[in-house]
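In my numbering, the protein residues as written are -15 to 117.
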């Protein structure tokens, strides 16, 4: 099965893995699963680091890439299929985060199960999102 991890899951894996749910950890650690992270997440982290809205305890983007490599997490680009899905994805009243919406569009368009602790993503199940928290 193909899984895409949400940005905060990568951050938690890097700085406080004990916060990640047992369910998500088991999925990530299962060698038969394919685990992915999008460059969208790395971009979001870079922006938040540059405007000082995120503290990674001294870690840099390159460290996160190394963590992904060590954990067997594949980094994927945002394909045009996801961009098209993003354009047509209904705007939800309580969820307007463009980074989350890009990840959700990627999951729907390319068949990933989304691993996230963000309860707001539930709203996108009716649009085809499959997620686990």
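C-beta: ideal position from N, C-alpha, C; glycine also.
Note that this is a predicted model, so its numbers are computed, not measured.
Along the length of the segment -1 to 34, whole alpha helix (DSSP H) runs at least 4 residues long occupy 6 to 13 and 23 to 34, reported in chain order.
A Cβ-Cβ contact shorter than 7 Å links residue -14 with residue 96.
In the structure shown, residue 70 adopts helical secondary structure according to DSSP, grouped into three states. Look at residue 60 here: in three-state DSSP terms it is strand. Taking one beta carbon from each stretch, the segment 66 to 76 and the segment 85 to 92 have 3 or more pairs nearer than 8 Å; the two touch.
Taking all protein chains shown into account, residue 22 has 16 or more neighbouring C-beta atoms within 10 Å of its C-beta and is therefore buried. The Cβ neighbour count for residue 47, taken over all protein chains shown within 10 Å, is under 16; the residue is labelled exposed. Sequence-distant partners of residue -9 (beyond 5 residues in either direction) whose C-beta falls short of 7 Å from its own C-beta, in its chain, are 25, 28, 29 and 83.
Of the candidates -2, 78, 74 and 15, the residue whose Cα lies closest to the Cα of residue 44 is -2. As the crow flies, the alpha-carbon of residue 57 is around 30 Å from that of residue 78.
Inclusion of residue 32 and residue 40 in the CB contact set at 7 Å is not warranted, their separation being larger than that value. One thing to note: residue 99 has its Cβ no nearer than 7 Å to the Cβ of residue -5.
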